[in-house]
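Visitor: Under this note's numbering, the letters of the sequence shown match residues 29 to 112, in that order.
Glycine included, each C-beta is placed from N, C-alpha and C at the ideal position.
Keep in mind it's a predicted model, so treat the numbers as computed, not measured.
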Amino acid sequence: MAGEPEIVLEIITPDEQIFKGNVSLIQLPGVDGKFEILKNHAPLISVLSEGSIKIKDENTQERFFKVKGGVIEVLKNKVLILAD
Numbered sequence: 029m030a031g032e033p034e035i036v037l038e039i040i041t042p043d044e045q046i047f048k049g050n051v052s053l054i055q056l057p058g059v060d061g062k063f064e065i066l067k068n069h070a071p072l073i074s075v076l077s078e079g080s081i082k083i084k085d086e087n088t089q090e091r092f093f094k095v096k097g098g099v100i101e102v103l104k105n106k107v108l109i110l111a112d
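1) How many angstroms separate the CA atom of VAL102 from the CA atom of GLU44?
2) Pick out whichever of ASN87, GLY97 and LYS104 has its Cα sitting closest to the Cα of THR41.
3) So, using beta-carbon positions, are PHE92 and ILE100 closer together than 8 Å?
4) Hey, out of ASN50, GLU38 and ILE46, whose CA is closest to THR88's CA?
5) Along the chain, where does the beta strand (DSSP E) containing GLU90 start, and where does it finish?
6) Within the same chain, show all residues whose beta-carbon is closer than 6 Å to that of LEU72, passing over the 5 residues directly before and after it, in chain order.
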């Protein structure tokens, strides 16, 4: 729905915050393969493998972030990624 925030995403590395904002889709490199997070996803904590994080921001533009691994936490449409 227009104007309604979808998912609040924050991507943090040991050195800096590399993204914070509203997104509609997050595609991640999991240790057992790629997986996606959409609005109202069940709570989740998972480990990430090396690869690329793909997001669609609130303007439906795709952005990519390369990671060497990390951890993701999903809770109530808030997603925190601690990335290497």
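Guide: Walking through what the data contain:
1) 20 Å
2) GLY97
3) no
4) ASN50
5) 90–95
6) VAL102
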